[in-house]
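**Q** Pasting in a structure now, in structure tokens, and then I'll have a few things to ask.
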Amino acid sequence: MLQNDSKSVTTDVRVYTRQVFVHQVVMAAVATIVAGAIVKSMPWSFLWGALASLGDNIIFLRGINKGMSLEPIPTANHMRSRIFLRLGLLLVTMALGIYLGLHIFSIFGGYILLHITLLINMIWLTKKQKK
9 MLQNDSKSVT
19 TDVRVYTRQV
29 FVHQVVMAAV
39 ATIVAGAIVK
49 SMPWSFLWGA
59 LASLGDNIIF
69 LRGINKGMSL
79 EPIPTANHMR
89 SRIFLRLGLL
99 LVTMALGIYL
109 GLHIFSIFGG
119 YILLHITLLI
129 NMIWLTKKQK
139 K
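Here the working numbering is used: the first residue of the sequence shown is 9, the next is one more, and so on.
Below, the structure is given as structure tokens:
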């Protein structure tokens, strides 16, 4: 009985994380279009930061999916190891952005903006599912 409930929760979490990621992709597209409309050109730096954030979101949401199938202590260890992967992604993305001559402020802007929308999307979808 408990195992069926666990599979149901795991399936619900996978659906939830997929919904969050789809919302993030839409938000990245909308934010990039708005940034392009404001500066009247293609915001490559902002797009680079948004793509880095989407990569980070994939790592984060896959970690949640994987963690739901583990016991609490291995889950904590798994998520702890993911933080180094996420930091590595951020450092490599920033280094490549600087190498390509992109504006670091715009890269961080895209990165941080999508992380803020990630939190908002997670809160909104959780409240929506509780109703």
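Quick reminder that beta carbons are idealized off the backbone N, C-alpha and C, glycines included.
Contact defined as beta carbons within less than 8 Å: I believe LEU110 pairs with ALA58. What is the distance between those atoms, to the nearest angstrom?
**A** On the sequence shown, position 102 is the one that residue 110 refers to. On the sequence shown, position 50 is the one that residue 58 refers to. Not quite, the Cβ-Cβ distance comes to about 12 Å (not below 8 Å), so this is no contact.
**Q** Please tell me whether ILE67 and ARG94 are closer than 9 Å, where the distance is taken between their beta carbons.
**A** Mapped onto the sequence shown, residue 67 falls at position 59. Mapped onto the sequence shown, residue 94 falls at position 86. Cβ distance < 9 Å, so ILE67 and ARG94 count as in contact.
**Q** Within its chain, find whatever has a CB closer than 6 Å to the CB of ASN12; leave out the 5 residues flanking it on each side and keep chain order.
**A** Reading the sequence shown from its first residue, position 4 is the one you call residue 12. In this prediction, ASN12 scores a pLDDT of 48, lower than 50, which makes its location untrustworthy; the coordinate-derived value is nonetheless stated afterwards. Closer than 6 Å at Cβ, skipping near neighbours: no residue.
**Q** Over what stretch of residues does the alpha helix (DSSP H) that includes MET87 continue unbroken?
**A** Here residue 87 corresponds to residue number 79 of the sequence shown, with the count starting at 1. Unbroken alpha helix (DSSP H) run through MET87: 80-107.
**Q** For MET76, which of helix, strand or coil comes out of DSSP?
**A** Position 68 of the sequence shown, counted from the start, is the residue given in the question as residue 76. Coil.
**Q** Judging by CA-CA distance, which residue of LEU62, TRP56, PRO51, ILE120 is the nearest neighbour of ARG26?
**A** On the sequence shown, position 18 is the one that residue 26 refers to. Closest by alpha carbon: LEU62.
**Q** Using a Cβ-Cβ cutoff of less than 6 Å, which residues in the same chain neighbour LEU55 once the five nearest sequence positions on both sides are dropped?
**A** As a first step, residue 55 must be located in the sequence shown, where it is residue number 47. For LEU55, where only same-chain residues beyond five positions count, the Cβ hits under 6 Å are THR40.
**Q** Under three-state DSSP, which class holds LEU147?
**A** Here the chain comprises residues numbered 9 to 139, so residue 147 is not present and cannot be evaluated.
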